[in-house]
Every structure is written in structure tokens, then in C-alpha cells.
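In my numbering, the protein residues as written are -3 to 73.
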């Protein structure tokens, strides 16, 4: 799936090296295409009060679009 830049998406998988879990909300900041055609994104993750937690890259299949029937929540890191 292709996402618009500077929009929010949810992680489709855990990223334990960054203390992130499936469902965490991320901001898409850059789109990448690898030489083999694989698409990915640079993402920025914020704490609940807006501080940057991490910036990393993920393949496009590690992201899910946000849905109307979902609600946001907060969790401890």
C-alpha cells in the first residue's frame, strides 16, 4: 500500500529494538524504493507529549492504514 507523506499510520508488527509494538502510531516522513523495487518509509515516533522517541526505516508491509473503527490509546514504554 502507498501512503501519503506526513500522515499517520500504525505499525503492523513489533519493532523491539525500538521498544515499539504493533498498533503504535507513527508519522511517515520519507518514502524509499530499494534497487529491487521494495518500498519502505522513514518513520518518526513520538511520545504522548510530542517528544521524538525514534526515527527509523521500515518496509511498507510493516505499516497499516489507520481505520475509522479504531481508537488511540497510551501505553508505558
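No residue lacks a Cβ here, since even glycine has one placed at the ideal position from N, Cα and C.
Looking only at C-alpha atoms, which of 19, 35, 43 and 55 sits nearest to residue 67? 19
Notebook entry, point to check: For residue 22, does the count of other Cβ atoms within 10 angstroms reach 16, so buried, or fall short, so exposed?
Noted result: buried
Let's see if you can read the secondary structure: which residues bound the beta strand (DSSP E) around residue 16? From DSSP, residue 16 is part of no beta strand (DSSP E); its letter is neither H nor E.
> In the structure shown, what three-state DSSP assignment does residue 56 receive?
Replying inline: helix
Where does residue 47 fall in DSSP's three states? coil
Residue 25 beta carbon less than 9 Å from that of residue 40: yes
* Asked: Looking only at its own chain, which residues have a Cβ that is under 8 Å from the Cβ of residue 61, when we skip the five neighbours before and after it?
  -> -3, -1, 5 and 6
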